[in-house]
Amino acid sequence: MADNRYSSYARTPDGFGGKGLLVTPGATDLGINVKGVICTTAGDITIVPWDNLDGETITFTAVPAFFIPPYRVRRVTAATATVYTIEN
2 MADNRYSSYA
12 RTPDGFGGKG
22 LLVTPGATDL
32 GINVKGVICT
42 TAGDITIVPW
52 DNLDGETITF
62 TAVPAFFIPP
72 YRVRRVTAAT
82 ATVYTIEN
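Numbering (this note's numbering), first residue to last: 2 to 89.
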């Protein structure tokens, strides 16, 4: 692996992610290291923002590829788009 010239910089909530994983929508929280999610294909996505209760979902329909919901996402409950995490 190539040398990471940015390894000495602090990872902050508003900085770039250092890791990304494919999301399987469902009833499981994504984890505390997830800063957000990105849809890499067009479609629909339903999320639970970090401070919302389990049933308080927000649905975005017909989003374009590379859409990033404007929330810190705790859970992706449904998606027709391909979704990846943005993590520290």
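Each residue gets a CB set at the ideal place from its N, CA and C atoms; glycine is no exception.
Note that this is a predicted model, so its numbers are computed, not measured.
Check whether residue i and residue j have beta carbons under 8 Å apart
{"i": "residue 23", "j": "residue 85", "result": "yes"}
{"i": "residue 37", "j": "residue 74", "result": "yes"}
{"i": "residue 89", "j": "residue 19", "result": "yes"}
{"i": "residue 39", "j": "residue 78", "result": "no"}
{"i": "residue 15", "j": "residue 76", "result": "no"}
The ligand FMN heavy atom lying under 7 Å from the CB of residue i
{"i": "residue 34", "result": "Looking at this structure, you won't find the ligand FMN or any other ligand, since it has none at all."}
CA nearest to the CA of residue i, picked from the options
{"i": "residue 68", "options": "25, 46, 30, 77", "result": "46"}
{"i": "residue 64", "options": "87, 27, 82, 15", "result": "82"}
{"i": "residue 50", "options": "17, 13, 33, 12", "result": "33"}
Buried versus exposed, by CB contacts within 10 Å (16 or more), residue i
{"i": "residue 54", "result": "exposed"}
{"i": "residue 80", "result": "buried"}
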